[in-house]
Amino acid sequence: MRYIEPHAHMVSRTTDDYEAMVTAGCAAVCEPAFWAGFDRSSVDGFHDYFCQLTDYEPKRAARFGLPHYSWLCINPKESEDMGLAREVISIIPEFLKCPTVLGIGEIGLNKNTRNELTILQEHVDLAAKHDQLILVHTPHLEDKFKGTRLILDLLKSDSRIQPNRVIIDHVEEHTVSMVLDAGFWAGITLYPESKATPARAIDMVEQAGMRNIWLNCACDWGRSEPLAVPRTALEMRRRGYSAVAIDHLVYGNPLRFLSQNPRFQIA
Amino acid sequence: MTRQQVLDLYFMDARCKLIELAAFLDRVERAEGEGDFRHKALLKALEVLSSREPSRARDVLMTLSDPTSEPLAAAPGKGACGAWPGPPQS
Ligand SMILES: [Zn+2]
């Protein structure tokens, strides 16, 4: 089996996890910029983080022959401080030149505040100006429904944005249809407690259709499972899906979205 | 999958989670003190389970969600707790 892990925070995982993912069939991993579990005190902290994403992690993954790509932004949990957020946005263009950067992400909302929305809009401006793909994080738990609606309203009202070049991640049963109906790609995140389980993820795919959906593990420093995508493939097998159908969802779909950036090249 | 196949594949898992939920509610009620809005929110979400509509997962999520549409003036912290506490107290 082969699969692409389109959303994993490998900076917080061990080298053993890289090895396990490749052993399970991972053909490429993509890492969006996110919150470190604590607030960074200055733009320099983000500069170092972007160096880690664009230089150190690709080398660590390459030890296992695994292509590593990244997405850059200041995440919404730190966007409430608009001064810091603007400083960070100002250093992103120099990193967009790195050959493994795929776009702007994971931008979005956390507590659905006005400041977060302002910084989301400024990231969208940056992506539009540099013709970048966009990866959007939708809020957690009770904030997801409202946040997803606010994000869709912002993106749909922007004529520069092509929905097929934007993936809205962490959808669940109450948000998946509004994302797909608006023409965006949807990401389903597999987590042990929040977000979706393998069974629910396949239920959503069965109801919404397989066309513009990807699965991801979003593994990070919290409780998460780096092999959640191959485990979901196994769950599909238990339901009687063919190898071709599974390949379509866990490999073909992320390949189709990510290949919109010509930098995404896997053998 | 047929309904029979779904039952064969998932019944034991669902039974296990149902009993865990029942035991959790008993545990909350045996405990002393005030508790908070999350208990009430869970009881309200449970009502959805007896519905005949095949959209229970979505409907449970909706009962636990913030239904408002205005952005907040400021973040009340970074985290989320899984149930909507109601509008922020000013
Ligand atoms: Zn993430």
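If you read the sequences in order, they're chains A and B. Those letters in the first sequence? Residues -18 to 248, per the numbering used here, in order. Those letters in the second sequence? Residues 18 to 107, per the numbering used here, in order. Ideal Cβ positions, reconstructed from N, Cα and C, are used throughout, including at glycine.
Requested in this report: Starting from Cys7 (chain A), follow the beta strand (DSSP E) in both directions and report where the run begins and ends.
Outcome: 7 to 13
(Q) Using beta carbons (cut-off 8 angstroms, strictly below), is Pro120 (chain A) in contact with chain B? (A) yes
Review point. Of all the residues that make up the region 81 to 94 of chain A, which are near chain B by a beta-carbon distance shorter than 8 angstroms?
Key: Asn91, Lys92, Asn93, Thr94
Using three-state DSSP, classify Gly99 (chain B) as helix, strand or coil. coil
* Taking 7 angstroms as the cut-off, is the CB of His229 (chain A) close to at least one heavy atom of ligand 1? -> no
message: Quick test of your reading: Tyr(-16) (chain A) and Cys11 (chain A), contact by CB under 8 angstroms. State the CB separation rounded to the nearest angstrom.
response: Actually they are not in contact, since the Cβ atoms of Tyr(-16) (chain A) and Cys11 (chain A) sit about 12 angstroms apart, beyond 8 angstroms.
Sequence-distant residues of the same chain with beta carbon closer than 6 angstroms to His49 (chain A), five excluded per side: Val10, Glu38, Pro39, Ala42
Can you find the residues in the same chain that come closer than 7 angstroms, C-beta to C-beta, to Cys61 (chain A), ignoring five residues on each side of it along the sequence? A quick correction: the sequence has Glu, not Cys, at residue 61 (chain A). So the list reads Thr94, Asn96, Glu97, once near-sequence residues are dropped.
message: Using a Cβ-Cβ cutoff of less than 7 angstroms, which residues in the same chain neighbour Ser175 (chain A) once the five nearest sequence positions on both sides are dropped?
response: His121, Leu122
*At a Cβ cut of 9 angstroms, what residues of the region 75 to 86 of chain B count as close to chain A, listed as they run along the chain?*
Arg75, Asp76, Val77, Leu78, Met79, Leu81, Ser82, Asp83, Pro84, Thr85, Ser86
From the DSSP output, which residues share a beta bridge with Leu93 (chain A)?
Leu is not the amino acid found at residue 93 (chain A); the sequence shown has Asn there. Asn93 (chain A) is not bridged to any residue.
At a cut-off of 7 angstroms, would you count His28 (chain A) as near ligand 1, judging by its Cβ distance to the nearest heavy atom? no
- Item | Those residues which DSSP pairs with Ser51 (chain A) across a bridge | A:Glu12, A:Val82
Q. Counting only runs that start and end within the region 187 to 233 of chain A, where is the alpha helix (DSSP H) found for 4 or more residues in a row?
A. 209 to 219, 224 to 228
Quiz item: Of all the beta strand (DSSP E) runs that stay within the bounds of the region 93 to 123 of chain A, which reach a length of 3 or more residues?
Solution: 114 to 118
CB Arg146 (chain A) to CB Leu114 (chain A), shorter than 8 angstroms?
yes
Exercise. Going by DSSP, which residues form a beta bridge with Tyr(-16) (chain A)?
Worked result: A:Cys7
Nearest CA to the CA of Ile70 (chain A): which residue from A:Ala108, A:Lys92, A:Cys79?
A:Ala108
Val147 (chain A) bridges to which residues according to DSSP? A:Ile115
Checklist entry - Skipping 5 residues on each side, what residues in its chain have a beta carbon closer than 8 angstroms to that of Asp124 (chain A)? => result Leu90, Asn91, Lys92, Asn93
Practice prompt. Please report how far the alpha carbon of Glu206 (chain A) lies from the alpha carbon of Gln33 (chain A), in whole angstroms.
Written response: 22 angstroms
| said: Between Gly221 (chain A) and chain B, is the shortest Cβ-Cβ distance under 8 angstroms, so that the two count as touching? | reply: yes
Suppose the cutoff is 6 angstroms on Cβ atoms and the five residues either side in sequence are ignored; what does the same chain contact list for Trp202 (chain A) look like? Ser(-7), Gly18
Worksheet item: When the cut-off is 8 angstroms and only beta carbons count, does Lys95 (chain B) lie next to chain A?
Response: yes
Cβ of Ala199 (chain A) versus every heavy atom of ligand 1: is any distance shorter than 7 angstroms? yes
Exercise for the section: Could you work out which residue in B:Ser86, B:Arg69, B:Leu78 is closest to Gly99 (chain B) when comparing CA atoms only? Expected result: B:Leu78
Mapping DSSP to helix, strand and coil, what is Thr178 (chain A)? coil
- Task: State the Cα-Cα distance for the pair Leu230 (chain A) and Glu51 (chain B), rounded to the nearest angstrom.
- Result: 47 angstroms
### Query
Are the region 167 to 182 of chain A and the region 130 to 138 of chain A in contact at 8 angstroms, needing three or more beta carbon pairs?
no
In chain order, what residues of the region 29 to 61 of chain A put their CB closer than 8 angstroms to some CB of chain B? Lys58, Glu61
Practice prompt. Report yes if the C-beta distance between Arg220 (chain A) and Ile227 (chain A) is below 8 angstroms; otherwise report no.
Written response: no
Alpha carbon to alpha carbon, what distance is there between Thr81 (chain A) and Arg249 (chain A)? The first residue shown for chain A is -18 and the last is 248, placing residue 249 (chain A) beyond what the model contains.
Taking the C-alpha atoms as reference points, what is the distance between Tyr(-1) (chain A) and Glu46 (chain B)? 44 angstroms
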